[in-house]
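Per our numbering: the sequence shown = residues 138 to 258.
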Amino acid sequence: MRIVLLCAVLVVLAKGSTPSIVKSPSPRASLYYGYVTPGDRLLSRSYVQKVAVPHTVQTQDVTYRGNITTRISAIQVVEIGYTQWATPWLIAGGLGGNNVTVRIQSARGYGYYYVIDIWGR
Ligand SMILES: *[C@@H]1O[C@H](CO)[C@@H](O)[C@H](O)[C@H]1NC(C)=O
Ligand SMILES: *[C@@H]1O[C@H](CO)[C@@H](O)[C@H](O)[C@H]1NC(C)=O
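As structure tokens, this is what we get:
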């Protein structure tokens with residue numbers, strides 16, 4: 138039963154890869170960059186969620202901007218609950234900078250639910 142389900146999902150994913158959509162570098166559910174070191178604070182925590190829409194790939198960009206002295210040390214984009222095979226990746230900014238933009242793209246016909254934590258000082 139589980140294998141049958143997995144195959145069905147793979148077929149759905151394969152069908153979803155049309156050239157017109159932006160494809161992320163590597164599909165994985167959660168994303169971890171950098172390390173939280175002593176003295177770092179949680180600069181931002183945001184929850185992003187979309188419900189499934191049939192036959193649709195949903196995409197969302199989430200941006201954090203610090204002030205001029207902000208240094209981002211870790212970025213954690215963690216899937217909540219059961220996996221829905223979405224993919225997060227960094228499209229701008231990042232570690233050592235003061236801003237970061239994370240793009241989240243759902244699998245076709247699925248939604249997603251993530252918590253995005255930005256650590257730094
Ligand atoms: C700049 O942001 C940092 C957090 O990254 C904060 O600790 C600091 O107080 C801010 N400075 C100013 C001038 O707002
Ligand atoms: C965002 O951070 C990058 C480095 O990660 C920096 O080059 C860029 O200037 C920053 N953009 C803004 C608007 O602060």
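Where is the CB? At the ideal position from N, CA and C, for every residue including glycine.
When burial is assigned at 16 or more other CB atoms within 10 Å of the CB, is Arg178 buried or exposed? exposed
Rounded to the nearest angstrom, how far is the Cβ of Ala189 from that of Gly246, given a contact under 8 Å? 6 Å
Rounded to whole angstroms, what is the Cα-Cα separation between Val215 and Ser243? 14 Å
CA nearest to the CA of Val199, picked from Gly171, Val185, Ala211 and Trp222: Val185
Unbroken beta strand (DSSP E) run spanning Asp254, endpoints: Tyr249 to Gly257
Which residues does DSSP pair with Ser181 in a beta bridge? Ile255
Could you check if Arg258 belongs to the surroundings of ligand 1, using beta carbon to heavy atom distance under 7 Å? yes
Hey, is Asn236 close to ligand 2, as in C-beta under 7 Å from one of its heavy atoms? yes
Distance, Cα to Cα, Asn204 vs Ile228? 19 Å
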